[in-house]
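Novice:
Number of protein chains: 2
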Amino acid sequence: MPTELPAGADPRDIPDATVSRLPEYLHALHTLAETGIATVSSEGLAVAAGVNSAKLRKDLSHLGSYGIRGVGYDIAVLTTQISDVLGLRQHRAVALVGVGHLGQALAGYGGFANRGFGIAALFDIAEDRVGTVLNGLPVRHLDELAEVVSAEGISIAVITTPPLAAQRVADSLVRAGVTSILNFAPCVLDVPGNVDVRKVDLAVELQILSFHEHRKSRNGKVAT
Amino acid sequence: MPTELPAGADPRDIPDATVSRLPEYLHALHTLAETGIATVSSEGLAVAAGVNSAKLRKDLSHLGSYGIRGVGYDIAVLTTQISDVLGLRQHRAVALVGVGHLGQALAGYGGFANRGFGIAALFDIAEDRVGTVLNGLPVRHLDELAEVVSAEGISIAVITTPPLAAQRVADSLVRAGVTSILNFAPCVLDVPGNVDVRKVDLAVELQILSFHEHRKSRNGKVAT
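So the sequence lines, in the order shown, correspond to chains L and F. Heads up: the first sequence is residues 1 to 224, going by the UniProt record's numbering. Heads up: the second sequence is residues 1 to 224, going by the UniProt record's numbering.
(1) Looking only at its own chain, which residues have a Cβ that is under 7 Å from the Cβ of S83 of chain F, when we skip the five neighbours before and after it?
(2) Cβ of G103 of chain L within 8 Å of Cβ of S210 of chain F?
(3) For the stretch 59 to 66 of chain L against the stretch 27 to 41 of chain L, do three or more pairs of beta-carbon atoms, one drawn from each stretch, fall closer than 8 Å, so that the two count as touching?
(4) Just reading off the alpha helix (DSSP H) that S83 of chain F is part of, what are its end residues?
(5) Between I119 of chain F and the rest of its own chain, which residues show a CB-CB distance below 6 Å, the 5 nearest in sequence each way excluded?
(6) What in chain L is Cβ-close to K216 of chain F, meaning under 9 Å?
(7) So is A205 of chain L in contact with chain F if we call contact Cβ pairs under 8 Å?
(8) Check each candidate in F:V195, F:L45, F:V85 and F:V51 and name the one with the smallest Cα separation from V71 of chain F.
(9) What are the residues that DSSP puts in a beta bridge with N183 of chain F?
(10) Does the contact criterion of 3 or more C-beta pairs under 8 Å hold for the stretch 186 to 204 of chain L versus the stretch 192 to 212 of chain F?
(11) Express the C-alpha separation of A146 of chain F and R175 of chain F in angstroms, rounding to a whole number.
(12) Name the DSSP bridge partner or partners of V133 of chain L?
(13) Of all the residues that make up the stretch 155 to 172 of chain L, which are near chain F by a beta-carbon distance shorter than 7 Å?
(14) Determine, for L86 of chain F, whether the minimum Cβ-Cβ distance to residues of chain L falls below 8 Å.
(15) Please report the residue range of the alpha helix (DSSP H) in which A146 of chain F lies.
(16) Taking only beta-carbon atoms, is V94 of chain L less than 8 Å away from chain F?
(17) Just the Cα atoms here: how many angstroms apart are V139 of chain L and H91 of chain L?
(18) Under a three-way DSSP split, which group does P2 of chain F fall into?
(19) Can you name the start and end residues of the beta strand (DSSP E) that V97 of chain L belongs to?
(20) Only counting the same chain, and skipping five residues up and downstream in sequence, which positions put a Cβ closer than 8 Å to that of Q167 of chain F?
(21) Can you grab the Cα-Cα spacing for the pair R69 of chain L / E34 of chain L, in whole Å?
(22) Have a look at G153 of chain L and T179 of chain L and give me their C-alpha separation to the nearest angstrom.
(23) According to DSSP, is T35 of chain L helix, strand or coil?
(24) Is the beta carbon of V148 of chain F sitting closer than 8 Å to the one on I159 of chain F?
(25) Quick check on G64 of chain L: does DSSP put it in helix, strand or coil?
(26) If you compare alpha carbons, which of F:G98, F:F112 and F:K216 is closest to L173 of chain F?
(27) Under 9 Å, CB to CB, which of the residues in the UniProt DNA-binding region "H-T-H motif" (24 to 63) of chain L have a partner in chain F?
(28) Determine the burial state of S155 of chain L: buried for a count of at least 16 other Cβ atoms within 10 Å of its Cβ, exposed for fewer.
(29) Run the CB neighbour count on L182 of chain F, radius 10 Å, all protein chains shown included, and call it buried at 16 or more, exposed below.
(30) Strictly below 7 Å CB to CB, what residues from chain L border H101 of chain F?
(31) Quick check on the DSSP output: the alpha helix (DSSP H) that includes L189 of chain F runs from which residue to which?
(32) Let me check understanding here. Comparing Cα to Cα, which of L:L137, L:L134 and L:A126 lies closest to D143 of chain L?
(33) Would you say P186 of chain F faces chain L, with C-beta separation under 8 Å as the test?
(34) Buried or exposed: L164 of chain F, going by 16 or more other Cβ atoms within 10 Å of its Cβ?
(35) Can you list the residues of chain L that H91 of chain F reaches, using a CB-CB cut of under 8 Å?
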């Protein structure tokens, strides 16, 4: 049976926290490869990815990748291993729904294409947006969703609509066959169990920083 | 010694994973409060926040908040407790650097103000942006950063510049006294230990979804 995966690495056994760091390692590896070097120590890779090296070694051991003492990791091999595990060797077509400022920012974001993704279709319902062209892609009406998702083989969608529209959009996406959703609308989506949702709530990120600010100011004032 | 915190809750003892969920609980509480109800069960709050109820109860126990059997949590009390822990009862002024599409999306994002944050200042270096007005705020030149950060009492900044400019902007922010940074540029920032950085990398979120897509398609094909 052909397999793309390194021996011993079953993606179902990789902890979610490790999965969430693999893209960072991959990004660091790409950056290192551009400098022309062929191997990197776990310490070097850890610094480039912004994690500690013990955590990095543990994470990569889940992929069956251990490096060589005194040499480190082969950058090309490790890049292929991580790309395999993340399923990035197959280019993935992404639909984006909601072409406001944020949607336009994402549609124009250059970092997707060289990381395995392409925004393949844009959708909105506003009359003044449908029919316009953004970065070479037409903005289509949401009514065309099912047809386009099927024709383009889209399985991942990004929701950048206002929160009140997000659930209805998610329902349409699920009906059209999308099984992974990246949700920027500040609301919880109700989807079937086979659909993965990741939520990016920009105010939440600020609130977490607020906690750290608050803790710093308390530490400055409160005797411990 | 006056304290805003519920008895028994020291913010230094709250796990990071719990902190990262508190904003979700707070958002769910706000939504529930708008419906006019006064109390909520842990199950009800868990559903509204999109987590499981055992995890929610554990998280809230770190705040010294346990609810009442058969009644649940008092929404107003719990809202105040979480806001206290997150330091949100003090409105925080935020600077945003880099007024491209993403910066404009964030500057126009209505969800910040009612969640304890205000974008207080916008910065860029592009001649065609500096001097323009966005949502009532002038776009200032980055050279004015130190002066404005000090005058407005800004401690949190958002970086929405291209990656090559981000480290230089971060250095300027740190010099100006900013101690928390939300970084949207796809790069690792090198900052002093007293500065908290949270990174939002949009391609990383897509790559994590790609992993789940990949796993789903493997599960469909590979006998287990």
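Where is the CB? At the ideal position from N, CA and C, for every residue including glycine.
Specialist: The relevant details are as follows:
(1) For the purposes of this step, residue 83 of chain F is taken as the residue at position 83 of the second sequence. Scanning its chain for C-beta atoms nearer than 7 Å, with the 5 sequence neighbours on each side dropped, one finds around S83 of chain F the residues L26 and R89, in chain order.
(2) Translated into positions along the first sequence, residue 103 of chain L becomes position 103. Translated into positions along the second sequence, residue 210 of chain F becomes position 210. In this structure, S210 of chain F does not lie closer than 8 Å to G103 of chain L by Cβ.
(3) Not touching, per the Cβ criterion.
(4) The residue labelled residue 83 of chain F in the question sits at position 83 within the second sequence. Run containing S83 of chain F: I75 to L86, per the alpha helix (DSSP H) assignment.
(5) Numbered from 1 along the second sequence, position 119 holds the residue referred to as residue 119 of chain F. The beta carbon of I119 of chain F is closer than 6 Å to those of V94, L96 and A107 in its chain, skipping five residues each way along the sequence.
(6) Position 216 of the second sequence holds residue 216 of chain F. Those within 9 Å of K216 of chain F in chain L are S155, T179, S180, N194 and D196.
(7) As a working mapping, residue 205 of chain L is identified with position 205 in the first sequence. Note that residue 205 of chain L corresponds to Glu in the displayed sequence, not to Ala. Yes, because at least one Cβ of chain F sits closer than 8 Å to the Cβ of E205 of chain L.
(8) Residue mapping note: residue 71 of chain F aligns to position 71 of the second sequence, counting from 1. Of F:V195, F:L45, F:V85 and F:V51, the smallest CA-CA separation from V71 of chain F is found for F:L45.
(9) As a first step, residue 183 of chain F is located in the second sequence; it is residue number 183 there, counting from the start. Assignment of beta-bridge partners to N183 of chain F by DSSP yields F:I159 and F:K199.
(10) Counting Cβ pairs under 8 Å, three or more are found: they touch.
(11) Numbered from its first residue, the second sequence carries residue 175 of chain F at position 175. Numbered from its first residue, the second sequence carries residue 146 of chain F at position 146. Using only the alpha carbons, I get a separation of about 8 Å.
(12) Working through the first sequence from its first residue, we reach residue 133 of chain L at position 133. Within the DSSP secondary-structure output, V133 of chain L pairs in a beta bridge with L:P138.
(13) Going along the stretch 155 to 172 of chain L in chain order, one finds S155 and I156 with a Cβ nearer than 7 Å to chain F.
(14) As a first step, residue 86 of chain F must be located in the second sequence, where it is residue number 86. So, interface residue.
(15) What you label residue 146 of chain F is simply residue 146 of the second sequence in a count that begins at 1. Here the alpha helix (DSSP H) through A146 of chain F covers L145 to E152.
(16) Numbered from its first residue, the first sequence carries residue 94 of chain L at position 94. Taking CB atoms only, V94 of chain L has a neighbour in chain F less than 8 Å away.
(17) Locating residue 139 of chain L in the first sequence gives position 139, counting from the first residue. Locating residue 91 of chain L in the first sequence gives position 91, counting from the first residue. Going by the C-alpha atoms only, they are around 22 Å apart.
(18) Locating residue 2 of chain F in the second sequence gives position 2, counting from the first residue. At P2 of chain F the pLDDT is 36, less than 50, meaning the model places this residue with poor confidence; the figure from the coordinates comes in the next sentence. The answer is coil: DSSP assigns P2 of chain F none of H, G, I, E or B.
(19) If you number the first sequence from 1, residue 97 of chain L lands on position 97. Its beta strand (DSSP E) spans residues R92 to V97.
(20) Looking up residue 167 of chain F in the second sequence gives position 167. Apart from the 5 residues on each side of it in sequence, Q167 of chain F sits with its Cβ closer than 8 Å to the Cβ of C187, L189 and D190 in its chain, given in chain order.
(21) Position 69 of the first sequence, counting from 1, holds the residue named residue 69 of chain L. Position 34 of the first sequence, counting from 1, holds the residue named residue 34 of chain L. E34 of chain L has its alpha-carbon roughly 24 Å from the corresponding atom of R69 of chain L.
(22) Counted from its first residue, the first sequence places residue 153 of chain L at position 153. Counted from its first residue, the first sequence places residue 179 of chain L at position 179. Between G153 of chain L and T179 of chain L, the C-alpha separation is close to 12 Å.
(23) One-based indexing of the first sequence puts residue 35 of chain L at position 35. Looking at T35 of chain L - three-state DSSP - the assignment turns out to be coil, as it is neither helix nor strand.
(24) As a working note, residue 148 of chain F is residue 148 in the second sequence. As a working note, residue 159 of chain F is residue 159 in the second sequence. The criterion of a C-beta distance shorter than 8 Å is not satisfied by V148 of chain F and I159 of chain F.
(25) Taking the first residue of the first sequence as 1, we reach residue 64 of chain L at position 64. G64 of chain L falls in the coil class under three-state DSSP.
(26) Residue numbering aside, residue 173 of chain F sits at position 173 when the second sequence is read from its first letter. Just measuring C-alpha positions, the residue of F:G98, F:F112 and F:K216 sitting nearest L173 of chain F is F:G98.
(27) Taking 9 Å as the Cβ-Cβ cut-off against chain F, the residues of the UniProt DNA-binding region "H-T-H motif" (24 to 63) of chain L that qualify are E24, L26, H27, A28, T31, V47, A48, A49 and G50.
(28) In the first sequence, counting from the first residue as 1, residue 155 of chain L sits at position 155. By the 10 Å Cβ count, S155 of chain L comes out buried.
(29) Numbered from 1 along the second sequence, position 182 holds the residue referred to as residue 182 of chain F. L182 of chain F is buried by the Cβ-count criterion.
(30) What you label residue 101 of chain F is simply residue 101 of the second sequence in a count that begins at 1. Per Cβ cutoff of 7 Å: H101, Q104, A105 and G108.
(31) Reading the second sequence from its first residue, position 189 is the one you call residue 189 of chain F. Run containing L189 of chain F: none; DSSP gives neither H nor E here.
(32) For the purposes of this step, residue 143 of chain L is taken as residue 143 along the first sequence, with counting starting at 1. Answer by Cα proximity: L:A126.
(33) Walking along the second sequence from the start, residue 186 of chain F turns up at place 186. Interface residue, yes.
(34) The count along the second sequence starts at 1 and reaches residue 164 of chain F at position 164. An exposed status is given to L164 of chain F, since fewer than 16 other beta-carbon atoms sit within 10 Å of its beta-carbon.
(35) In the second sequence, counting from the first residue as 1, residue 91 of chain F sits at position 91. Near H91 of chain F there are no residues of chain L at all, since even the closest Cβ is about 10 Å away, more than 8 Å.
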